Amino acid sequence: MGRTSDAKGKLLDVAFDLIWQQSYGAVSVDDICDRAQVKKGSFYHFFPSKSDLAVAAYEEHWQQSRPRYDSLFSPQTPPLERLENYCKRVYAGQKEKLEKTGRVLGCPFACAGSELSTQDEKIRVKSKEMFDRMCKYIESTLVDAHKAGLIESQDFPAKSQAIFCFVLGRLLQARVSNDVEVLRDLAPTVMQMIGAQVPA
Numbered sequence: 001m002g003r004t005s006d007a008k009g010k011l012l013d014v015a016f017d018l019i020w021q022q023s024y025g026a027v028s029v030d031d032i033c034d035r036a037q038v039k040k041g042s043f044y045h046f047f048p049s050k051s052d053l054a055v056a057a058y059e060e061h062w063q064q065s066r067p068r069y070d071s072l073f074s075p076q077t078p079p080l081e082r083l084e085n086y087c088k089r090v091y092a093g094q095k096e097k098l099e100k101t102g103r104v105l106g107c108p109f110a111c112a113g114s115e116l117s118t119q120d121e122k123i124r125v126k127s128k129e130m131f132d133r134m135c136k137y138i139e140s141t142l143v144d145a146h147k148a149g150l151i152e153s154q155d156f157p158a159k160s161q162a163i164f165c166f167v168l169g170r171l172l173q174a175r176v177s178n179d180v181e182v183l184r185d186l187a188p189t190v191m192q193m194i195g196a197q198v199p200a
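Last residue of the sequence shown: number 200 in UniProt numbering, and the count goes up by one each step with no gaps.
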């Protein structure tokens, strides 16, 4: 994630990265403190539990990522181009992680949410919140595409969820197979899903 060097910031950064690279259950408070070079007492000064830290780390990551998503989905960009750029960014982001860690990591929120949705309500709610935020970007893009005459009228909330679920499914496939190329051609399928012309 990359933040300031304060103890709380280190814990947020390390927790996000370790849980994403491994899993929530595989990472202990000691692991996080050791990697962050922060004493355990400081951990509990900032966070009542590992679960609270994870939720805070996900929100912090979102706040850092939000300007990029705002740019990707800017109304100043033609709607279909926004979707293409989003698909390209999904591929590029995972490729960067593969080059850095040797693994395709998939979606951090889907990984934690699927692991803990029946065990930890706070993490389940936070993961769903992240999904809903992404779907709103996609939904507004579909509405703009319809206004521009590029696609027919549809149930845009449902369609945005379908698109996001498709992307999440590909991210899961890429993580399991450790093959980032699974994500290279997301855009044509997305365009077919909304009835738009498939880009060349």
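A virtual CB, placed ideally from N, CA and C, is assigned to each residue, including glycine. As the structure is a prediction and not an experimental result, all values here were calculated from the model.
Check	Outcome
Anticipated Cβ contact below 8 angstroms, residue 35 with residue 18, distance rounded	6 angstroms
Cβ contact check for the region 166-176 and the region 103-118: 3 or more pairs under 8 angstroms	yes
Classification of residue 45 by the beta-carbon crowding that lies within 10 angstroms, buried from 16 upward	exposed
Given residue 180 as reference, the closest of 91, 48, 152, 78 once Cα atoms are compared	91
Spatial distance of residue 128 from residue 54 (CA atoms)	14 angstroms
Three CB pairs or more closer than 8 angstroms across the region 23-34 and the region 55-72	no
Distance between residue 145 and residue 74 (C-alpha atoms, nearest Å)	13 angstroms
Closest by C-alpha distance to residue 98, when choosing among 9, 177, 27	177
Ordered list of alpha helix (DSSP H) runs contained in the region 74-147, each at least 4 residues	79-101, 108-116, 121-147
Inter-stretch contact at 8 angstroms, needing at least 3 Cβ pairs: the region 154-162 / the region 108-122	no
Coil, strand or helix - residue 159 by DSSP	helix
Residue from 126, 76, 189 with nearest C-alpha to residue 140	76
DSSP three-state assignment for residue 24, whether helix, strand or coil	coil
Beta-carbon spacing of residue 142, residue 131 below 9 angstroms	no
Residue interval of the alpha helix (DSSP H) (run including residue 38)	That residue, residue 38, is in no alpha helix (DSSP H); it is neither H nor E in DSSP.
Reduced DSSP category for residue 166 - H, G, I as helix; E, B as strand; rest coil	helix
Backbone CA spacing between residue 9 and residue 101 [nearest angstrom]	21 angstroms
Contact under 9 angstroms by Cβ, residue 79 with residue 150	yes
Three-state secondary structure assigned by DSSP to residue 4	Only weak support exists for where residue 4 lies, its pLDDT of 43 falling under 50; the value from the coordinates is given anyway. Reduced to three states, the DSSP call for residue 4 is coil.
Rounded C-alpha distance that separates residue 183 from residue 174	7 angstroms
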